[in-house]
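Protein chains in written order, with the numbering used here: chain A, 1 to 199; chain B, 200 to 398; chain C, 399 to 597; chain D, 598 to 796. In what follows, a structure is listed as structure tokens, so that the remarks can point back to it.
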DNA sequence: GACTAAGCGAGACGGTACGTCGCGTCTTAAA
DNA sequence: TTTAAGACGCGACGTACCGTCTCGCTTAGTC
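Structure representation (structure tokens):
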């Protein structure tokens, strides 16, 4: 801070620094009390930032919470590479999601935000645009390769397949309370393979 | 002496009458503004009942909202009868759920309560106990008959099958925004039949 | 008649017994939390009596509190006997009041009731009628004897003298927080004697 | 920083403006219904201020009520000037108190607050510190001059004299209901003069 | 090198709803 | 008839956060 010329502190720098402070504080609070424990006032106090600074960047606490976990969420879900094995690729598609949702932070954030995502027009739109659509695109490639290999029916519906892959995962997370254990991804994958097998 | 059909006003009567007034007001408010628009104060004002009377019966607005739709939810989901046709019975299991969730009231309530169900220990416990477990029991009968008929694999896992049936439905409701159209139930049913087909 | 040898329980008995239970509970609660801690609901719970039974006898918690300490208050303040010494008789008039108000129970009750006595028409009327007037009558006798003995001026105003005797005591109790110590009564007495001395 | 003298709506300004609105509303409500009629919610509604803003400044309605009349109370009770006449100065000490307490507003406020002042540690402390002690200091000067003039005994106890002057006034206000008429101050003054006369 | 304006911290404010307390009324059922 | 039991409408409480709105300070980039 005093370091005269060490940190040139452009406006963008200041912006970035307070943004980082906010997101870190948000993650810390989320880890402690989940979405219900998250308040803008709390984030402001913890990050040493003014409430207005937070409101300048995010509309409400839901957007903030999503932003706080966005990187981890997005970066953990990469497109499966072509490994010549449809089952392996489907597994590579769904396994990371299960793993991420097993983490306390991410699971509690998703649990807490689901109602908002399901209700808020803007938030749901953003969620689909930025999260679901890219995932569908990833899955479409896997399925196309599976069809070409003769593993999957040519008319396999990508959306439906996606719903079968992730539906059970979210259902466990949100409703049934069944564990997101290591057997889940393979079992889901196998069921999908059978459901959409060629012939 | 019971004055035939006047108003005998026993304690239970008063209790029941204000309970009805509360639940009706709750449904009306839910229909208008969904769970976010539901406030205890609003219900009290609309039902002509004191706030305390509401708090005497339900811990918070989530329990109240669930109670308000409970009857419709539970009564709409009956065990499929044995009709000698596994596909028809699976359809009879999942179709009513899709239909119910298509209604504005029920879908907005479920959307709004999901986060609470997923986060609140008591509420999630109650939800599983009173809602999921009975449904699993219903499905178990259908699957047993399917196995006996040679339609389903003997080792068909009821929980997994249930997750495959309802997971896509809730995923549409909460995240993808895809419509709960008439084709959904049959498509889900067929996929499950293939995924767990005998042989 | 049927009650064989147990308790004949006439209606008056029941009435008296619950009244005693109420007053005892009231005193206990007053001793613990003073007038602010006194609630009708608390008294009902503690005495095992229904709220309605309390309301049948006393209009509100102020009347109840006053009733609960009434006996002690009234019985402690007897008319000074003629002992041939005006100073001794004035002392015998004011000393017991100071002593009573030194007790934790009585002082906290008076502190807590003062505003009600000062504001409520009925309560203030009852207080004057049942408490102040008898005391004035007691003091009038003392003063008349003092005048006859030549100790006090013949035109000594009883009300004014009374105000001088008790005013400082209540002022300490309510406002100044000065102790109601043993020197207070004599000092007040002497001042009054001088203020109204003959000649 | 100096802000000259225009209308720059500084933070202090906003603070002062809402404070004035609150105190005015408080006085109006007190005038109408006394302390029992005073509610924070009522003050908020009448002053157009949020409840929280009131709670930010005063702990409860008693502090608020006291604050609302504080100026009138304090400004009305000035130290008697040296006029070379002890009786006149004692009268100048006690007369304004009687006059103030004759006003409907002030008398009803004091009646309503007395129990709180007598019971609440903080409030009673504040009352003594800010109100009684300054008055004792005023009276001490009067008495010192009276002693120097040979009107009062050299060992005249200021606290006791104060209690004799104000005790009767408050006793009338709170308990006896006797009027605070114009004769009261002179009679109290004369009695005190006799009680503490030199020789 | 001085000036402008962006961005920020600070924090007061109006507001909504919360969940709680105790009031005093009322009705029923038991003694 | 009196009581206990207890549900109820009601008013107010004090609290938690919300999102908005200045206000000055600090500083970066422009003239």
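Cβ atoms here follow ideal geometry from the backbone N, Cα and C, with glycine treated the same way.
Residue-chain proximity (residue i, chain C), Cβ-Cβ < 7 angstroms
i	result
residue 780 of chain D	no
residue 708 of chain D	yes
residue 730 of chain D	no
residue 760 of chain D	yes
residue 764 of chain D	yes
Closer than 7 angstroms to chain A by CB, residue i
i	result
residue 302 of chain B	no
residue 353 of chain B	no
residue 239 of chain B	no
residue 236 of chain B	no
residue 206 of chain B	Because residue 206 of chain B sits at a pLDDT of 40, beneath the cut-off of 50, its placement in the model cannot be relied upon, and the following sentence gives the value as read from the coordinates. No, residue 206 of chain B does not count as interfacial toward chain A.
residue 369 of chain B	yes
residue 278 of chain B	no
Proximity of residue i and residue j at Cβ, strictly below 7 angstroms
i	j	result
residue 762 of chain D	residue 744 of chain D	no
residue 626 of chain D	residue 644 of chain D	no
residue 297 of chain B	residue 243 of chain B	no
Of the residues the options, the one placed nearest residue i, counting alpha carbons only
i	options	result
residue 118 of chain A	B:372, B:258, B:327	B:372
residue 349 of chain B	B:217, B:283, B:368, B:238	B:283
residue 309 of chain B	B:243, B:226, B:285	B:226
residue 223 of chain B	B:250, B:267, B:262	B:267
residue 327 of chain B	B:388, B:235, B:395, B:265	B:265
residue 374 of chain B	B:388, B:395, B:389, B:311	B:311
residue 230 of chain B	B:307, B:251, B:290, B:280	B:307
residue 631 of chain D	D:656, D:794, D:700, D:752	D:700
residue 661 of chain D	D:753, D:778, D:723	D:723
residue 218 of chain B	B:235, B:236, B:250	B:250
residue 512 of chain C	D:687, D:757, D:767	D:767
residue 145 of chain A	A:80, A:16, A:186	A:80
residue 560 of chain C	C:582, C:585, C:584, C:530	C:530
residue 413 of chain C	C:520, C:493, C:455	C:455
residue 179 of chain A	B:321, B:294, B:329, B:359	B:359
residue 237 of chain B	B:382, B:252, B:216, B:259	B:259
residue 252 of chain B	B:354, B:216, B:355, B:320	B:216
residue 130 of chain A	A:82, A:62, A:70, A:95	A:70
residue 774 of chain D	C:575, C:554, C:581, C:518	C:518
residue 633 of chain D	D:780, D:652, D:659	D:659
Close Cβ partners of residue i (< 7 angstroms) along its chain, the five nearest in sequence each way excluded
i	result
residue 357 of chain B	335, 338, 339, 342
residue 489 of chain C	583, 584, 587
8 angstroms Cβ shell around residue i - same chain, five flanking residues per side excluded
i	result
residue 299 of chain B	271, 272, 275, 276, 305
residue 323 of chain B	316, 317
residue 86 of chain A	142, 145, 146, 149, 151, 152, 193
residue 41 of chain A	51
Any chain B beta carbon closer than 7 angstroms to residue i
i	result
residue 114 of chain A	yes
residue 174 of chain A	yes
residue 88 of chain A	no
residue 119 of chain A	yes
residue 194 of chain A	yes
residue 4 of chain A	Any reading at residue 4 of chain A must be qualified, since the residue scores a pLDDT of 36, below 50, and its modelled position is unreliable; the value itself is stated next. No, because no Cβ of chain B sits closer than 7 angstroms to the Cβ of residue 4 of chain A.
Near the ligand FAD: residue i beta-carbon under 6 angstroms from a heavy atom
i	result
residue 541 of chain C	The ligand FAD is not among the ligands present in this structure, which contains no ligands whatsoever.
6 angstroms Cβ shell around residue i - same chain, five flanking residues per side excluded
i	result
residue 1 of chain A	Low confidence applies to residue 1 of chain A: its pLDDT is 36, below 50, so where it sits in the model is not reliable, and the reading given next is rough at best. Here the set comprises nothing.
residue 406 of chain C	Unreliable placement is indicated for residue 406 of chain C, whose pLDDT of 48 sits below 50; no coordinate value is reported for it.
residue 750 of chain D	793, 795
residue 399 of chain B	The displayed coordinates of chain B run from 200 to 398. Any statement about residue 399 of chain B would go beyond what the structure contains.
residue 88 of chain A	none
Closer than 7 angstroms to chain D by CB, residue i
i	result
residue 399 of chain C	Here the model assigns residue 399 of chain C a pLDDT of 39, short of 50, so the residue's position is not dependable and the matter cannot be decided.
residue 430 of chain C	no
residue 589 of chain C	yes
Going residue by residue through the stretch 206 to 245 of chain B, where are the continuous alpha helix (DSSP H) segments of at least 4 residues, counting only ones entirely within it? 210 to 232
Residue ranges of each alpha helix (DSSP H) run of no fewer than 4 residues wholly in the stretch 473 to 560 of chain C, ordered along the chain? 484 to 500, 502 to 517, 519 to 525, 531 to 546
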